[in-house]
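Read in full-length UniProt numbering, the sequence shown has 118 at position 118, and its numbers run on one by one without any break. One structure is given below, encoded as structure tokens.
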Amino acid sequence: MNTENALAAVAAQIKKAQRAAIFCHSRPDGDSLGSGLGLQLAMLAAGKDVCFVCEDVPPEKFFFLPQMKGVSTELPEGDFDLFIAVDCADVSRMGKFGYNFSKFRGETVNIDHHISNTAYAKNNLVSVCSATCEVMPAVIEAAGLEISPESANALMLGLVTDSGSFTHSDVTQHTFEVAARLRSLGADVTKINYEMFSRQRKERALLFSKVLSTMRFALEDKLAFITVTDEAIKETGAVRNMTEGFVDYLLTIDGVEVAVALMEMKKGQYKASLRSKGADVNAVASGFGGGGHVLASGCMLFGEYEEVIERLTYAVYQQL
């Protein structure tokens, strides 16, 4: 199904639904939360009964949008017409809610922008672009819904964060056209940029200083690693979701082509966030059961720390 037909099919399901649940991925980021909240607000304004659920509580930094506090970690009881997944490349990204989505007998919708998306819903709209929030305004308007200033702010949040404030290589003319449209509908891009990129808590700054001390290089300095340990998080009073953006710092170093941030989830388990200036890190992540985008992907690895480093180094070497 081409994108135009997929958009029409998804919009039709949203338009006719009266009670729906929206799901985003665990450890949510700005795009996942922004796309889900933007859609939820538009559907609520049309008189629909819509909940927005996530396995994890949204990071505190997103609470400058007051509606973000309404994201639930539990699925309400009762019957639903429609389940909608946003920014989830596969059903497992929803965490505990992946089971609910997979077993749901009603209509399901998958709206995403990841190249690795597995088209797991009955209705799939996957457009490879800068953010799911670049896709969502067209979905909302095709469903005959209105984008309020509050909805526009949520969508702009996702667009700004996933595009790196419009600096990533997947930013196109269309990205700016969507941003301009959202701005005209009331999105406050100045405040969003300030909240996301110009302020941070002391605990995050202290954690970053410790993480930088773990920096190491491989492959003639083309590959750089940093590691976030449980010990560093506890010592600084930080929380895991404060690490977003750490990996991007490594790409500012001359000569570094691929950056990897490893987060210790528990003994022998590491979450890897990969970023690249050109090499296909989606191929790297896919080899470990993960995925994402060509220049930004993630995966989970198991084993001793040095073994994990060695396996990742070899996988990156194959893409350079």
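Just so it is clear, CB atoms sit at the ideal spot from N, CA and C, and this is done for glycine as well. Since we're looking at a predicted model, the values are computed, not measured.
From the DSSP output, in three-state form, read off residue i for me.
i, result
"L251", "coil"
"Q269", "strand"
"E146", "coil"
"R27", "coil"
"S151", "helix"
"I84", "strand"
"D162", "helix"
"F302", "strand"
"L320", "coil"
"G98", "helix"
"R181", "helix"
"E244", "coil"
"N117", "coil"
"R105", "coil"
"H174", "helix"
"residue 358", "Since the first and last residues shown for the chain are 1 and 320, residue 358 lies out of range."
"A238", "coil"
"E4", "helix"
"V139", "helix"
"P59", "coil"
"P76", "coil"
"V91", "helix"
"V256", "coil"
"L65", "coil"
"A285", "helix"
"A232", "helix"
So, for residue i: in the same chain, excluding its five sequence neighbours on each side, which residues have a beta-carbon less than 8 angstroms away from its beta-carbon?
i, result
"L207", "V228, A232, I233, T236, A238, M242, T243"
"G156", "Contrary to the premise, residue 156 reads as Met rather than Gly in this sequence. The residues are G34, C133, A179, L182, R183, A187, D188, V189, I192."
"H174", "C129, E134"
"S165", "N193, M196, F197"
"D248", "G164, A259, R275"
"I147", "G38, A42, P137, I140, E141, L155, L182, L185"
"K122", "E107, T108, V109"
"residue 325", "Summary: the structure shown does not reach residue 325, with the chain confined to residues 1 through 320, and so no result is reported for it."
"S169", "L295"
"F104", "F80, F83"
Spell out the partners DSSP gives residue i in its beta bridges.
i, result
"S297", "L274, G292"
"I226", "A261"
"V71", "Note: V71 sits in no beta bridge, so no partner."
"D188", "Answer is none; D188 lacks a bridge partner."
"L312", "Beta-bridge pairing links L312 to no other residue."
"I111", "V86, L125"
For residue i, which residues from the same chain have a beta carbon less than 6 angstroms from its beta carbon, with the 5 sequence-adjacent residues on both sides left out?
i, result
"N124", "N110"
"L223", "V258, V316"
"K271", "M263, M265, M300"
"R19", "D49, F80, D81"
"Q269", "F302"
"A142", "L7, A11"
"K210", "A232"
"L250", "A224, V256, A259"
"S102", "V91"
"E74", "none"
"residue 322", "The first residue shown for the chain is 1 and the last is 320, placing residue 322 beyond what the model contains."
"V71", "F52, C54, P58"
"E203", "T236, G237, A238"
"A9", "N123"
"G158", "G30, D31, G34, S35, A131, C133"
To which residues of the same chain is residue i closer than 7 angstroms at the C-beta, ignoring the five residues directly before and after it?
i, result
"T214", "I226, T227"
"M136", "S35, G38, L39, I111, L155"
"S92", "G98"
"D280", "V294, Q319"
"A17", "K48, D81, L82"
"S116", "A89, N282, S286, G291, G292"
"S127", "T3, H113, V135"
"Q13", "L82, E107, V109, N123"
Report task. Please confirm if the region 22 to 30 is in contact with the region 53 to 64, defined as three or more CB-CB distances below 8 angstroms between the two stretches. Result -> yes
Query raised in the report: Would the region 13 to 25 and the region 152 to 166 be scored as touching if the rule is three or more Cβ pairs under 8 angstroms?
Result: no
Query raised in the report: Between the region 72 to 86 and the region 97 to 114, do three or more beta carbon pairs fall short of 8 angstroms?
Result: yes
Query - At least 3 beta-carbon pairs within less than 8 angstroms: the region 32 to 50 vs the region 163 to 177 - result: no
Requested in this report: Identify every run of the beta strand (DSSP E) within the region 7 to 57, keeping only runs that are complete inside it and at least 3 residues long; order them along the chain.
Outcome: 19 to 23, 49 to 53
Query raised in the report: Which runs of the beta strand (DSSP E) spanning at least 3 residues fall entirely within the region 195 to 220, listed in chain order?
Result: 216 to 218
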